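Protein sequence lines correspond, in order, to chains Z and B. My numbering numbers the first residue of the first sequence as 1 and each following residue consecutively. My numbering numbers the first residue of the second sequence as 1001 and each following residue consecutively. Read the structure below first, then the notes.
There are 2 protein chains.
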Amino acid sequence: MDVRNSVQRNRILELLQQERIHVSAHWVFDQLRGEFPRLSLGNVYRNLHILVDQKLVHRLPLGGTRDVYEAARDDHHHFICDRCGAIIDLPGSDELSRSARELVGQSGGSVSQLSLEIRGICSSCLTGEHRSEPVR
Amino acid sequence: MDVRNSVQRNRILELLQQERIHVSAHWVFDQLRGEFPRLSLGNVYRNLHILVDQKLVHRLPLGGTRDVYEAARDDHHHFICDRCGAIIDLPGSDELSRSARELVGQSGGSVSQLSLEIRGICSSCLTGEHRSEPVR
DNA sequence: CTAACTGCAAACAGTTTGCAGAGTG
DNA sequence: CACTCTGCAAACTGTTTGCAGTTAG
């Protein structure tokens, strides 16, 4: 099952790489409707799957109602606000990675491909001035 | 809107506290069908929501197709296997918490209610002898 | 040409909700 | 009694899939 070139898939990847960082399939769909008036949501999903298979895109299992996708890039972690749903990138941290691996090791597990999700309340929400809608 | 006693809700909470740790609404439903032959899935969801409101149960936003619930308990983190979906509890770790808070702080955020999800491949999957089905 | 890509619409899974009747306090 | 809880079934949301026509290599 080869993969051929597709104008739409290229644009989806470009969008993820340039415009925003964490987006839903539906957001991609809305962005590209103007460009491809006959675009279908099903096709966006199919192309996102292909891009995930090619490891050009990550599907983030962050919970919530919609799946979230981001263009693949350097090691980093995610801080997710439990209140407004914002997803904030954090740079990779050797110290944090080491602590996490150690903790998992103590429970008899072993870890490859470590990735961390840190949940809490973001500073905007704490001060009450957070944006009105979650970034999705 | 008061909350009254409900035999079924009590049993749901008991199940979560005793039988297993991380379960889906559907699993709860299946467990209690024998006991309550006319039980409905909708009611399981309603009661889980009530228990979450009462902070007796946590709803874990772990992604995947189904929501996952666990009885509320001491601080701990979750190690989630990206391959088999197993959710493994890890004890709280001051060192890990401190590293995480520091990393978030460096990005200008601030954190309350820190909870961590560590993703990777579990040891069973690495050695190829993991259970056949994800724990859900 | 062959097989991948596409739009469309239907199917699907998990969750939520409106209703009328049963149960709690 | 008043008002919550319940089963039932329908509605909803997000995602996947079957089909026939279009397009890339």
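The C-beta atom is built at its ideal place from N, Cα and C for all residues, glycine as well. Nothing here was measured: the structure is a model prediction, and the numbers come from that model.
Residue burial classification, residue i (beta-carbon count within 10 angstroms, cutoff 16)
{"i": "B/R1009", "result": "buried"}
{"i": "B/N1005", "result": "exposed"}
{"i": "B/V1003", "result": "exposed"}
{"i": "B/H1078", "result": "buried"}
{"i": "B/R1119", "result": "buried"}
{"i": "Z/G109", "result": "buried"}
{"i": "B/L1103", "result": "buried"}
{"i": "B/S1132", "result": "Residue confidence for B/S1132 is low, a pLDDT of 46 falling below 50, so the modelled location carries little weight; the figure read from the coordinates is stated next. Classification for B/S1132: exposed."}
{"i": "Z/H22", "result": "buried"}
{"i": "B/S1107", "result": "exposed"}
{"i": "Z/V28", "result": "buried"}
{"i": "Z/V7", "result": "exposed"}
{"i": "B/G1042", "result": "exposed"}
{"i": "B/E1019", "result": "exposed"}
{"i": "Z/L48", "result": "buried"}
Assigned secondary structure, residue i (DSSP; H/G/I helix, E/B strand, else coil)
{"i": "B/V1023", "result": "strand"}
{"i": "B/S1115", "result": "strand"}
{"i": "B/L1013", "result": "helix"}
{"i": "B/V1003", "result": "coil"}
{"i": "B/F1029", "result": "helix"}
{"i": "Z/T127", "result": "coil"}
{"i": "B/G1105", "result": "helix"}
{"i": "Z/S40", "result": "coil"}
{"i": "Z/E95", "result": "helix"}
{"i": "Z/L51", "result": "helix"}
{"i": "Z/R46", "result": "helix"}
Alpha-carbon to alpha-carbon, residue j and residue i
{"i": "Z/G105", "j": "B/D1082", "result": "17 Å"}
{"i": "B/R1073", "j": "B/L1060", "result": "13 Å"}
{"i": "B/V1068", "j": "Z/I87", "result": "20 Å"}
{"i": "Z/G63", "j": "B/P1037", "result": "31 Å"}
{"i": "B/L1051", "j": "B/E1014", "result": "11 Å"}
{"i": "Z/S93", "j": "B/D1089", "result": "22 Å"}
{"i": "B/L1191", "j": "B/A1071", "result": "Residue numbering for chain B in the displayed model covers 1001 to 1136; residue 1191 of chain B lies beyond these limits and cannot be assessed."}
{"i": "B/R1046", "j": "B/S1040", "result": "10 Å"}
{"i": "Z/R33", "j": "Z/S112", "result": "39 Å"}
{"i": "Z/S24", "j": "Z/R66", "result": "6 Å"}
{"i": "Z/H26", "j": "B/S1123", "result": "36 Å"}
{"i": "B/I1121", "j": "Z/E35", "result": "40 Å"}
{"i": "Z/V57", "j": "Z/I12", "result": "10 Å"}
{"i": "Z/P91", "j": "B/Q1031", "result": "43 Å"}
{"i": "B/S1097", "j": "Z/L116", "result": "12 Å"}
{"i": "Z/C84", "j": "B/L1114", "result": "15 Å"}
Those residues which DSSP pairs with residue i across a bridge
{"i": "Z/F79", "result": "Z/I88 and Z/I118"}
{"i": "B/R1071", "result": "Arg is not the amino acid found at residue 1071 of chain B; the sequence shown has Ala there. Paired residue(s): B/V1057."}
Q: Quick one: which residues of the stretch 107-129 of chain Z get their C-beta closer than 8 Å to a C-beta of chain B? List them in chain order.
A: S107, G108, G109, S110, V111, S112, Q113, L114, S115, L116, E117, I118, R119, G120, I121, C122, S123 and L126
Q.
By the 7 Å beta-carbon criterion, what residues does the stretch 1086-1102 of chain B contribute toward chain Z?
A. I1088, L1090, S1093, E1095, L1096, S1099 and A1100
Q) Of the residues that make up the stretch 1053-1076 of chain B, which ones have a beta carbon closer than 7 Å to any beta carbon in chain Z? A) P1061, L1062, G1063 and G1064
Q) Which residues, in chain order, does the stretch 1019-1044 of chain B contribute to contact with chain Z at a C-beta distance below 7 Å? A) none
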